[in-house]
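Participant:
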Amino acid sequence: MKILAIETSCDETAIAIIDYNERKRGVRILANIISSQIKLHAKFGGVVPNLARREHERNLPIVLIQALKQSKLLNSKMKNQKSKIQLKTKNLGKILERESELLELVVKKILPIGAPKIDAVAVTHGPGLAPALWVGINFARALSYIWERPLIPINHMEGHIFSAMLKKYGNSKQSQSSKIKIQKNHTPACAGRLYPIPYPALALLVSGGHTELVLIKKLGKYKIVGETVDDAVGECFDKVARILDLPYPGGPEISRLADTFNIKHSALDIKLPRPMIHSKDFNFSFSGLKTAVLYLTKDLKDSYLLPEVKAAIAKEFQDAAVEVLVKKTMAAAKKYKAKTIILGGGVAANSLLRKELSVRCQVSRVKCLLPSPAITGDNALMIALAAAITGKIIKRPQALKAEANLRLS
Ligand code: KG4
Ligand code: ZN
218 MKILAIETSC DETAIAIIDY NERKRGVRIL ANIISSQIKL HAKFGGVVPN LARREHERNL
278 PIVLIQALKQ SKLLNSKMKN QKSKIQLKTK NLGKILERES ELLELVVKKI LPIGAPKIDA
338 VAVTHGPGLA PALWVGINFA RALSYIWERP LIPINHMEGH IFSAMLKKYG NSKQSQSSKI
398 KIQKNHTPAC AGRLYPIPYP ALALLVSGGH TELVLIKKLG KYKIVGETVD DAVGECFDKV
458 ARILDLPYPG GPEISRLADT FNIKHSALDI KLPRPMIHSK DFNFSFSGLK TAVLYLTKDL
518 KDSYLLPEVK AAIAKEFQDA AVEVLVKKTM AAAKKYKAKT IILGGGVAAN SLLRKELSVR
578 CQVSRVKCLL PSPAITGDNA LMIALAAAIT GKIIKRPQAL KAEANLRLS
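Taking my numbering, the leading residue of the sequence shown gets 218, the next gets one more, and so forth.
#1: Closer than 7 Å to a non-hydrogen atom of the ligand ZN - does that hold for the CB of residue 373?
#2: Is residue 469 close to the ligand KG4? I mean its beta-carbon at under 7 Å from any heavy atom of the ligand.
#3: Quick check: the Cα distance between residue 289 and residue 236, rounded to an integer number of angstroms?
#4: With a Cβ-Cβ cutoff of 8 Å, do residue 507 and residue 457 count as a contact?
#5: Using the Cβ count rule (16 or more neighbours within 10 Å means buried), how would you classify residue 512?
#6: How far does the beta strand (DSSP E) with residue 244 in it reach, from first residue to last?
#7: If you run the structure through DSSP and keep just helix, strand and coil, what is residue 319?
#8: Could you check how far apart the C-beta atoms of residue 441 and residue 418 are, in whole angstroms? I think they sit under 8 Å.
#9: Would you mind listing the beta strand (DSSP E) stretches within the segment 320–367 that are 3+ residues and don't spill past its ends, in chain order?
#10: Please tell me whether residue 384 and residue 421 are closer than 8 Å, where the distance is taken between their beta carbons.
#11: Below 8 Å between beta carbons: does that hold for residue 228 and residue 255?
#12: From the DSSP output, in three-state form, read off residue 615 for me.
#13: With a threshold of 7 Å (Cβ to nearest heavy atom), would residue 466 be considered close to the ligand MG?
#14: Quick one: what's residue 410 bridged to in DSSP?
#15: The alpha helix (DSSP H) that contains residue 572, what's its start and end?
#16: Got a sec? Which residues, its chain only, sit under 6 Å from residue 409 by beta carbon, not counting five neighbours each side?
#17: Taking the CB atoms as reference points, tell me whether residue 278 and residue 326 lie closer together than 8 Å.
#18: Can you tell me whether residue 227 sits near the ligand KG4, meaning its C-beta is under 7 Å from at least one heavy atom of the ligand?
#19: Determine, using beta carbons only, whether residue 340 and residue 357 come nearer to each other than 8 Å.
#20: Taking the alpha carbon of residue 569 as the point to measure from, which residue in 599, 545 and 535 has its own alpha carbon closest?
#21: Determine, using beta carbons only, whether residue 363 and residue 320 come nearer to each other than 8 Å.
#22: In the DSSP assignment, the alpha helix (DSSP H) including residue 307 goes from what residue to what residue?
#23: For the candidate residues 407, 258, 239 and 248, whose alpha-carbon lies nearest to that of residue 467?
#24: Could you spell out the range, first to last residue, of the beta strand (DSSP E) harbouring residue 561?
#25: Are three or more beta carbon pairs between the segment 445–465 and the segment 493–507 nearer than 8 Å?
#26: Taking 7 Å as the cut-off, is the C-beta of residue 263 nearer than that to any heavy atom in the ligand ZN?
#27: Of the residues 590, 559 and 241, which one's Cα is nearest the Cα of residue 575?
#28: Terminal residues of the continuous alpha helix (DSSP H) containing residue 378?
#29: Rounded to whole angstroms, what's the CA-CA distance from residue 487 to residue 616? Just pull it up for me.
#30: Please report the straight-line C-alpha distance between residue 499 and residue 443, rounded to a whole angstrom.
#31: Report yes if the C-beta of residue 563 is less than 7 Å from at least one heavy atom of the ligand ZN; otherwise report no.
#32: Whole angstroms are fine: how far does the CA of residue 608 sit from the CA of residue 218?
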């Protein structure tokens with residue numbers, strides 16, 4: 218089954234095409250393109266939803282053509298007939314009535330080319346920023362209509378779970394060159410397999426908008442057993458980075474700075490709280506940790522800007538966040554007798570979190586699945602995988618809506 222997937226829930230415009238063989242649990246990645254808007258939003262210190270929407274409109278047709286070319290599915294010989302184009306243009310006007318810039322590009326660049334050999338179009342329909350989600354959804358509806366292919370809506374968080382299920386893909390040569398770059402990426406076509414998962418599994422999903430522990434009793438059956446009561450952990454990394462005068466996104470910056478910490482150079486003994494670490498439930502709280510960093514910098518006056526002090530704060534903050542995440546995950550794993558722990562979401566790129574979680578899993582003899590660092594951030598490959606394995610075709614694509622607060626269930 219060949220699936221073309223679209224992801225626009227935040228600030229990455231991403232399209233992937235996979236060929237999934239259910240019997241072998243084998244995946245051929247035919248294309249995996251990500252166009253990041255990070256540089257654009259960095260100026261504002263975070264993602265601006267309407268700016269993201271406008272960029273998705275401009276980028277989607279370009280990213281699609283790249284993905285089709287990369288997968289060799291661009292059907293340049295088969296052209297749509299003029300009469301068909303005229304008829305479809307009229308209806309496309311309705312599907313993309315709120316995306317005038319995208320409509321123009323679709324009519325000019327996509328409508329004239331023939332339908333590629335794919336079986337379905339998948340798209341993220343939530344959670345995420347509503348204006349950004351809508352562009353991807355309406356683009357997917359347009360493709361489904363033009364190519365006469367079914368539509369599969371996918372929960373973005375389910376996608377993050379699937380990132381970790383993909384075994385390192387490609388041969389060593391391919392995987393080296395398949396590292397996703399921040400700007401428009403070209404992953405060479407390569408193959409991979411999905412890990413067999415002993416259930417029940419527990420997923421720790423950590424991103425800019427979410428921090429949740431999800432119990433997976435069997436494939437596609439989810440229950441949120443713990444989540445943040447305030448800020449998401451990625452959001453907290455971003456906010457603390459801003460306090461420390463570091464650029465957006467803050468996660469990788471904090472992590473890099475923490476690595477420069479040298480105990481010999483530090484005369485300071487900085488201690489930050491581990492919020493809710495002893496609570497009996499599996500919920501998290503990160504806003505107090507961020508406030509503690511803010512007060513600490515106020516107490517330290519300008520000296521917090523000294524490189525060694527900044528590094529000490531970054532390290533202690535990262536230690537605190539990771540300690541809480543790992544402790545709660547292992548406690549939930551014990552309670553629910555999880556045989557597998559899955560890590561997913563943008564914060565899954567954090568090397569301390571990866572190390573601590575895998576060490577704890579080894580000690581507890583639980584299988585630990587970490588996503589390849591190339592696919593911890595938002596991408597459409599994970600959406601294509603989720604669609605191929607658990608996705609369901611919807612009967613009325615025209616009724617599909619963006620669901621900014623969609624939850625796993
Ligand atoms: O999943 P994602 O790409 O987008 C959302 O769906 O939110 O996650 C983005 C988040 C940002 O908050 C970013 O700062 C964080 O992931 N992040 C990290 C690291 N790399 C990205 N946080 C901690 N350490 C990292 N190395
Ligand atoms: Zn995400």
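Beta carbons are placed, not taken as given, at the ideal position from N, Cα and C, and that holds for glycine.
Facilitator: Considering the structure as presented:
#1: yes
#2: For residue 469, the Cβ falls inside the 7 Å cut-off from some heavy atom of the ligand KG4.
#3: 13 Å
#4: yes
#5: exposed
#6: 243–253
#7: For residue 319, the three-state secondary structure derived from DSSP is helix.
#8: That pair is no contact at about 14 Å.
#9: 337–343
#10: No, Cβ-Cβ distance for residue 384 and residue 421 is not below 8 Å.
#11: yes
#12: helix
#13: Absent from the structure shown: the ligand MG. Ligands present: the ligand KG4 and the ligand ZN.
#14: 243
#15: 568–581
#16: 244, 383, 384 and 386
#17: yes
#18: yes
#19: With contacts defined as CB atoms closer than 8 Å, residue 340 and residue 357 qualify as a contacting pair.
#20: 535
#21: no
#22: 299–312
#23: 258
#24: 557–561
#25: When Cβ pairs closer than 8 Å are counted between the two stretches, the segment 445–465 is seen to touch the segment 493–507, the count reaching three or more.
#26: no
#27: Out of 590, 559 and 241, 559 has the C-alpha closest to the C-alpha of residue 575.
#28: That run of the alpha helix (DSSP H) goes 373–382.
#29: 53 Å
#30: Taking the straight line from one Cα to the other gives about 4 Å.
#31: yes
#32: 12 Å
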